[in-house]
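So for the sequence shown, the numbering used here puts the first residue at 166; every next one is plus one. Before any comments, here is the structure.
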Amino acid sequence: GDGDGDGDGDGEGDGDGDGDGDGDGDADACAAPTEYIPCDDFADLGPNGEAIGNTLADKRMAALRAIGMNCPGATEEDGIFAYTSMAVDTMGAADGLSTTPNGNTAVNNNTWRIVTQFGTNGYYSPQPGKVQTNDDDENPVFEDVMLSNSFLLFSTGTLPSPNNQGMLSGLPGQSGNGNNNNYDGDNNYPGGISPNNGGNPPFENCDGQNDCSNTLAAQWAFDPDANDQIWLSFFIEVPDFTEGYSYDLAFFSSEWPQWLESFNDLFVGWQVAEEYTGNTSFVTVNGQAQPLTITALDSYFDPGDGFIYSDPELDGTGFDQVQGSDGAATQWLTAKAPVNPNEVVSVTLFLADMGDNAWASAVALDNFRWDCKGCVPSEVMECGVQGPM
Numbered sequence: 166g167d168g169d170g171d172g173d174g175d176g177e178g179d180g181d182g183d184g185d186g187d188g189d190g191d192a193d194a195c196a197a198p199t200e201y202i203p204c205d206d207f208a209d210l211g212p213n214g215e216a217i218g219n220t221l222a223d224k225r226m227a228a229l230r231a232i233g234m235n236c237p238g239a240t241e242e243d244g245i246f247a248y249t250s251m252a253v254d255t256m257g258a259a260d261g262l263s264t265t266p267n268g269n270t271a272v273n274n275n276t277w278r279i280v281t282q283f284g285t286n287g288y289y290s291p292q293p294g295k296v297q298t299n300d301d302d303e304n305p306v307f308e309d310v311m312l313s314n315s316f317l318l319f320s321t322g323t324l325p326s327p328n329n330q331g332m333l334s335g336l337p338g339q340s341g342n343g344n345n346n347n348y349d350g351d352n353n354y355p356g357g358i359s360p361n362n363g364g365n366p367p368f369e370n371c372d373g374q375n376d377c378s379n380t381l382a383a384q385w386a387f388d389p390d391a392n393d394q395i396w397l398s399f400f401i402e403v404p405d406f407t408e409g410y411s412y413d414l415a416f417f418s419s420e421w422p423q424w425l426e427s428f429n430d431l432f433v434g435w436q437v438a439e440e441y442t443g444n445t446s447f448v449t450v451n452g453q454a455q456p457l458t459i460t461a462l463d464s465y466f467d468p469g470d471g472f473i474y475s476d477p478e479l480d481g482t483g484f485d486q487v488q489g490s491d492g493a494a495t496q497w498l499t500a501k502a503p504v505n506p507n508e509v510v511s512v513t514l515f516l517a518d519m520g521d522n523a524w525a526s527a528v529a530l531d532n533f534r535w536d537c538k539g540c541v542p543s544e545v546m547e548c549g550v551q552g553p554m
C-alpha cells in the first residue's frame, strides 16, 4: 500500500521502512555516544589541575575532564563536550572555581579536589557511568558507557590534598569544618540560578527564568544566605535525537541528624534550556519533589540505602564518628535532566552552605553523559535524582 514496490510501507523504495530513503532504518537514531573514551587519570590531572596548568581555565578544564568531558582527541561519536559560551566554539567551563560569580580569581584549592577515592574504606571510588535501555521484553537494562578513573569533590568546608594515588582522607570532625572563605551572597548566583518559583504548576509552563521545579523557593525563604559557594558552569550542545543527560553524585553532610528540617546545605544542578529551566537535582519524597538537602535525603540514609557516621563506608571521610562528629552520606546516585535535541543548554553544578558557614557538606560528581531517552519533568519519578546506582 505504499506505492514504491519494495513492501516496506514507507514510500521511499529502499526497503527499510523508515522513510528517509537511505536503507538503514534509523530515521530517529540517537546520535549520543554508545561508549565514551576516558581522560581522567589522576596523574594527567592532578588534585587541582596542576598536570594541565595553573591558570583558572586549566583548573576548570581539569574539573570537566574529571567528570568525563572534553577529552583530547574525542569526537562527537565517543565524547561529550563543554563550552564556555552559547556560541559553543571554545571548549571549557564558562564559570566556576572562582571567588565570585563571573570572577577571574580562583577559589582556594582546598575547597575542591580531583580524587580517585574519598575516605579509607574504598566505597567512594569511581564507578562506571550507566545508561538505561530496554531488552526485547521491555525490561530495563543498564549498560556501562563511561569508564571513570577519578571524580570531582566539592566542599563547603575545606579538603586536605589527596595522596600521590589520589586517595583523600577528610578532616576529622566535619561539624567543625566551617568557613572556607569562598563567596557568600544572597542575591548573585552563578549560571542564572533563580530560586523563585517558575512552574505553574510545578514542572509545567516554565517561565524560562526561574525554577520550574518550584523546589528551591521555600529553602531560600527560610534563610537566603548561600555561604561558602562553589560551582562549575558550562554549555552543552545536545546531539541529534537526544532528549536528556545524566551525571552521578554522592552527597555528604555533617548537619545530619541535628539540623533536619532546619538549616540545610544544598546541592543544585541547574539548567537553562528551551523547555525546562530550573533545578534538575530535586529529590522525590512521597511523590513530592524537594531540593537536595539532608531533610529530603533523610530516608536515603536508612540502612541499605545510605550511610550514617557509624557505618564503615564513611571511615576516613570526616563524616564518620571521629571526634564525635555527626554525619551521613548517600550511596552513589544519578541525576537525570530533560533537554531538546540540538539545543544549547547552560548547566551549573552548585554547592552552598545555607544560613551559616559551619557544619560542612560535600558532593562527589562524576560521569556526565547523554541520555537518549531523557525524562519527562512532570513525571517527577523519571527526572531528578535516581538511585542508588
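Ideal placement from N, C-alpha and C gives every residue a C-beta, glycine not left out. This structure is a prediction, so every number in the text was calculated from the model and none was measured.
### Query
Any contact of the region 225 to 237 with the region 313 to 326, i.e. 3+ C-beta pairs under 8 Å?
yes
### Task
Spell out whether any CB of chain C is found under 8 Å from the CB atom of L324.
The structure shown contains no chain C, having only a single protein chain.
### Message
What does the alpha-carbon distance come out to for the pair L262 and D301?
### Response
Looking up residue 262 in the sequence shown gives position 97. Looking up residue 301 in the sequence shown gives position 136. The alpha-carbon atoms of L262 and D301 are separated by roughly 45 Å.
### Query
Per DSSP, what kind of secondary structure is V487 in: helix, strand or coil?
Here residue 487 refers to the residue found at position 322 when the sequence shown is read from its first residue. Residue state, collapsed to three classes: helix.
### Query
Helix, strand or coil for Y288 per DSSP?
To locate residue 288, count along the sequence shown from 1; it is residue 123. It is coil, neither helix nor strand.
### Query
How about Q374 and T442: do their beta carbons lie closer than 8 Å?
Translated into the one-based positions of the sequence shown, residue 374 becomes position 209. Translated into the one-based positions of the sequence shown, residue 442 becomes position 277. Against a cut-off of 8 Å, the Cβ pair of T442 and Q374 comes out as a contact.
### Task
Please name the residue or residues paired with G233 in a DSSP beta bridge.
Counting from 1 along the sequence shown, the entry for residue 233 is found at position 68. DSSP, once it has assigned bridges, lists no residue as partnering G233.
### Query
Is DSSP giving N365 helix, strand or coil here?
Counting from 1 along the sequence shown, the entry for residue 365 is found at position 200. Correct three-state label for N365: coil.
### Message
Out of F307, Q292 and Q551, which one is the CA nearest neighbour of T449?
### Response
Position 284 of the sequence shown, counted from the start, is the residue given in the question as residue 449. The residue with the shortest Cα to Cα distance from T449 is Q551.
#### Entry: Beta-carbon contacts of D601 that lie in its chain and below 8 Å, excluding the five residues immediately before and after
Only positions 166 to 554 of the chain appear in the structure, and residue 601 is not among them; the question remains open.
### Message
Within 8 Å, do at least three Cβ pairs link the region 539 to 553 to the region 473 to 481?
### Response
no
### Query
Quick one: what does DSSP say E308 is sitting in, helix, strand or coil?
The residue labelled residue 308 in the question sits at position 143 within the sequence shown. In the structure shown, E308 sits in a strand (DSSP, three-state: E or B).
### Task
Please confirm if the region 345 to 362 is in contact with the region 263 to 275, defined as three or more CB-CB distances below 8 Å between the two stretches.
Enough Cβ pairs lie closer than 8 Å, so yes.
### Task
State the beta-bridge partners of F416 as determined by DSSP.
Here residue 416 corresponds to residue number 251 of the sequence shown, with the count starting at 1. Per DSSP, V528.
### Task
Thinking L381 and F416 are a contact (beta carbons under 8 Å), I'd like their distance in whole angstroms, please.
The residue given as residue 381 occupies position 216 in the sequence shown. The residue given as residue 416 occupies position 251 in the sequence shown. The pair is not a contact, with the Cβ atoms about 16 Å apart (cut-off 8 Å).
### Task
Give a yes or no on whether the C-beta atoms belonging to L324 and T276 are separated by under 8 Å.
Counted from its first residue, the sequence shown places residue 324 at position 159. Counted from its first residue, the sequence shown places residue 276 at position 111. Yes, they are a contact pair.
### Message
Between which residues of its own chain and T285 is the CB-CB distance below 7 Å, once the five residues before and five after are set aside?
### Response
Counting from 1 along the sequence shown, the entry for residue 285 is found at position 120. Here the set comprises S334, D480 and G481.
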